[in-house]
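Chemist:
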Amino acid sequence: MTTASARAVPGIFSGEFIQETLALTRRLFIQLQRRPSTLVAGVVQPLIWLILFGALFQNVPQGLFGESTNYGQFLCAGIIVFTAFSGALNAGLPVMFDREFGFLNRLLVAPLASRFSIVLASALFITTLSLIQVVAIASLGVLLGTGLPNLAGIGVVLATVLILVFGVTALSLGLTFALPGHIELLAVIFVINLPLLFASTALVPLSFMPRWLQWIASLNPLSLAIEPIRYVYLHPDWQFSDVVMVAPWGSLSLGAALLILLAVAVGMSLLIEPLLRRRLA
Numbered sequence: 000m001t002t003a004s005a006r007a008v009p010g011i012f013s014g015e016f017i018q019e020t021l022a023l024t025r026r027l028f029i030q031l032q033r034r035p036s037t038l039v040a041g042v043v044q045p046l047i048w049l050i051l052f053g054a055l056f057q058n059v060p061q062g063l064f065g066e067s068t069n070y071g072q073f074l075c076a077g078i079i080v081f082t083a084f085s086g087a088l089n090a091g092l093p094v095m096f097d098r099e100f101g102f103l104n105r106l107l108v109a110p111l112a113s114r115f116s117i118v119l120a121s122a123l124f125i126t127t128l129s130l131i132q133v134v135a136i137a138s139l140g141v142l143l144g145t146g147l148p149n150l151a152g153i154g155v156v157l158a159t160v161l162i163l164v165f166g167v168t169a170l171s172l173g174l175t176f177a178l179p180g181h182i183e184l185l186a187v188i189f190v191i192n193l194p195l196l197f198a199s200t201a202l203v204p205l206s207f208m209p210r211w212l213q214w215i216a217s218l219n220p221l222s223l224a225i226e227p228i229r230y231v232y233l234h235p236d237w238q239f240s241d242v243v244m245v246a247p248w249g250s251l252s253l254g255a256a257l258l259i260l261l262a263v264a265v266g267m268s269l270l271i272e273p274l275l276r277r278r279l280a
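So in numbering that gives the first Met the number 0, spot 274 of the sequence shown is number 273, and the numbers just go up one at a time.
(1) Would you check if the distance between the CB atom of Asn219 and the CB atom of Leu195 is smaller than 8 Å?
(2) To the nearest angstrom, how far is the alpha carbon of Ala5 from that of Glu15?
(3) For Met267, which residues from the same chain have a beta carbon less than 7 Å from its beta carbon, with the 5 sequence-adjacent residues on both sides left out?
(4) Is it the case that the Cβ atoms of Pro148 and Tyr70 are separated by a distance below 8 Å?
(5) What do you reckon, are the CB atoms on Val160 and Val118 nearer than 8 Å?
(6) Is the beta carbon of Leu184 sitting closer than 8 Å to the one on Leu193?
(7) Under a Cβ-count criterion, where at least 16 other Cβ atoms within 10 Å of its own Cβ denotes burial, should Phe100 be classed as buried or exposed?
(8) The alpha helix (DSSP H) with Gly154 in it runs from where to where?
(9) On the criterion of 16 or more Cβ atoms from any shown chain inside 10 Å, does Arg229 qualify as buried, or is it exposed?
(10) Is the stretch 15–25 close to the stretch 99–113, with three or more CB pairs under 8 Å?
(11) Please report the Cβ distance between Gly86 and Gly41, rounded to the nearest whole angstrom; I am assuming they are in contact, meaning their Cβ atoms lie under 8 Å.
(12) Taking its Cβ as the centre, do 16 or more other Cβ atoms sit within 10 Å of Ile182, making it buried, or is it exposed?
(13) Where do the N-terminal and C-terminal ends of the beta strand (DSSP E) with Ala246 fall, by residue?
(14) Excluding sequence positions up to five away, which residues of its chain have a Cβ less than 6 Å from the Cβ of Leu178?
(15) For Phe337, is the classification buried or exposed, using 16 other Cβ atoms within 10 angstroms of its Cβ as the cut-off for buried?
(16) Are the Cβ atoms of Leu27 and Ala120 separated by less than 8 Å?
(17) At what residues does the alpha helix (DSSP H) containing Ser281 begin and finish?
(18) Is it right to say Leu257 is buried, meaning 16 or more other beta carbons lie within 10 angstroms of its own, or is it exposed?
(19) With a 10 Å radius around its C-beta and 16 neighbouring C-beta atoms as the bar for buried, classify Pro93 as buried or exposed.
(20) Going by alpha carbons, who is nearest to Val164 out of Gly65, Ala137, Pro35, Ser129?
(21) By DSSP, does Leu111 sit in helix, in strand, or in coil?
(22) Leaving aside the five residues before and after Met244 along the sequence, list all residues of the same chain whose C-beta is less than 6 Å from its C-beta, in chain order.
(23) Along the chain, where does the beta strand (DSSP E) that runs through Ser252 open and close?
(24) Relative to the C-alpha of Leu275, which candidate in Ile162, Phe197, Leu107 has its C-alpha closest?
(25) In whole angstroms, what separates the C-alpha of Phe64 from that of Leu55?
(26) Taking only three categories from DSSP, how would you classify Gln238?
(27) Could you tell me the boundaries of the alpha helix (DSSP H) in which Arg25 lies?
(28) In angstroms with no decimal places, state the Cα-to-Cα distance between Ile215 and Val203.
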């Protein structure tokens, strides 16, 4: 290949790459528009959880769940994180169905600027849905008396959700290309989902758990995302150096929790990168 022709080949920084990524993302939204029940269910389910769980524990003594004035205020952060986690864990399903129906093969033989656009389109689609769900949950939370963090706190909430979605989407796409079909992918999703929820601080604080479960919950990425969000909800004057979780192995600050969560997300993406490169080659 000559130097001139090499320069003519588009890449991930080209206009062609942006155009094809937007086109593939638009395709996913067209599918969603034709089957809106997916979005409706994804928004309604966490709202039902927030209402029912909040009502179930509304009469508990104040202070039982830390500094929260009511259980709904305590629960809101957990519902936000778990909803984003569940949505990102399903990110690989559209790609898996494309694999099974043969559409992915058509994309792989198309003259794409970069096949990474297939992955990026799925990530953009899931991120948008997650943000819609977060807005819906936070809005209902306001009506139920959970309040809202300050402007900087809202930035922390969005950054935390985006980091979590980035890492879990990478995991889901890796599973999509590692597993033989959607039945196996759904089985893995079902096995992962609820155990990670109950082994986190989404529903109860660490102090409610036995010692062995405290260790698991404090190392659970969901807890690392939940506790910063919960803290900025309760403390308008928060700082990154503030302690958000007292784990069996030590105290964890807000900034440290976000850095660990970011490291996990980056590590997950680096782990699946060779697999994606091999399968999309």
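Where is the CB? At the ideal position from N, CA and C, for every residue including glycine.
Modeler: According to the structure data:
(1) Residue numbering aside, residue 219 sits at position 220 when the sequence shown is read from its first letter. Residue numbering aside, residue 195 sits at position 196 when the sequence shown is read from its first letter. Cβ atoms of Asn219 and Leu195: closer than 8 Å.
(2) Position 6 of the sequence shown holds residue 5. Position 16 of the sequence shown holds residue 15. For Ala5, the predicted structure reports a pLDDT of 41, less than 50, and the residue's modelled location is therefore unreliable. The matter cannot be settled from this model.
(3) In the sequence shown, residue 267 corresponds to position 268, counting from 1. Once the five neighbours on either side are set aside, the close Cβ partners of Met267 are Gly166, Ala169, Leu170.
(4) What you label residue 148 is simply residue 149 of the sequence shown in a count that begins at 1. What you label residue 70 is simply residue 71 of the sequence shown in a count that begins at 1. Cβ distance not < 8 Å, so Pro148 and Tyr70 don't count as in contact.
(5) On the sequence shown, position 161 is the one that residue 160 refers to. On the sequence shown, position 119 is the one that residue 118 refers to. Contact: no.
(6) As a first step, residue 184 must be located in the sequence shown, where it is residue number 185. As a first step, residue 193 must be located in the sequence shown, where it is residue number 194. No, the pair does not count as a contact, with Cβ atoms beyond the cut-off.
(7) Position 101 of the sequence shown, counted from the first residue, corresponds to residue 100. Exposed is the call here.
(8) Mapped onto the sequence shown, residue 154 falls at position 155. Taken as a continuous stretch (DSSP letters only), the alpha helix (DSSP H) holding Gly154 covers 150–177.
(9) Here the question's residue 229 lines up with position 230 in the sequence shown. Under a 10 Å Cβ-count criterion, Arg229 is classified as buried, with 16 or more other Cβ atoms of the shown protein chains found around its own Cβ.
(10) yes
(11) Residue mapping note: residue 86 aligns to position 87 of the sequence shown, counting from 1. Residue mapping note: residue 41 aligns to position 42 of the sequence shown, counting from 1. With 8 Å as the limit, Gly86 and Gly41 qualify as a contact, their Cβ atoms being about 6 Å apart.
(12) For the purposes of this step, residue 182 is taken as the residue at position 183 of the sequence shown. Result: exposed.
(13) Residue numbering aside, residue 246 sits at position 247 when the sequence shown is read from its first letter. That run of the beta strand (DSSP E) goes 242–246.
(14) Locating residue 178 in the sequence shown gives position 179, counting from the first residue. Counting only Cβ-Cβ distances below 6 Å, and skipping sequence neighbours, we find Leu184.
(15) Nothing in the structure corresponds to residue 337, since the chain is present only between 0 and 280.
(16) Taking the sequence shown and counting its residues from 1, the one referred to as residue 27 is at position 28. Taking the sequence shown and counting its residues from 1, the one referred to as residue 120 is at position 121. Result yes, Cβ atoms of Leu27 and Ala120 sit closer than 8 Å.
(17) Because residue 281 is not part of the residues shown, which for the chain are 0 to 280, the question remains open.
(18) Taking the first residue of the sequence shown as 1, we reach residue 257 at position 258. In the assembly as shown, Leu257 is a buried residue. Its beta-carbon has 16 or more other beta-carbons within 10 Å.
(19) Numbered from 1 along the sequence shown, position 94 holds the residue referred to as residue 93. That one is buried.
(20) Along the sequence shown, one-based indexing puts residue 164 at 165. Checked all of Gly65, Ala137, Pro35, Ser129; the closest Cα to Val164 is Ser129.
(21) Along the sequence shown, read from residue 1 onward, the residue named residue 111 stands at position 112. In the structure shown, Leu111 sits in coil (DSSP, three-state: anything other than H, G, I, E or B).
(22) The sequence position of residue 244 within the sequence shown is 245, counting from 1. Cβ within range, chain order: Glu226, Leu251.
(23) By 1-based counting over the sequence shown, the position of residue 252 is 253. 249–252 is the extent of the beta strand (DSSP E) around Ser252.
(24) Walking along the sequence shown from the start, residue 275 turns up at place 276. Cα-wise, what sits closest to Leu275 is Leu107.
(25) The count along the sequence shown starts at 1 and reaches residue 64 at position 65. The count along the sequence shown starts at 1 and reaches residue 55 at position 56. Cα-Cα distance, rounded: 14 Å.
(26) Position 239 of the sequence shown holds residue 238. Gln238: coil per DSSP, three-state reduction.
(27) Sequence index remark: in the sequence shown, residue 25 carries index 26 (1-based). 14–33 is the span of the alpha helix (DSSP H), which, as asked, contains Arg25.
(28) Here the question's residue 215 lines up with position 216 in the sequence shown. Here the question's residue 203 lines up with position 204 in the sequence shown. Ile215 and Val203 have their C-alpha atoms roughly 14 Å apart.
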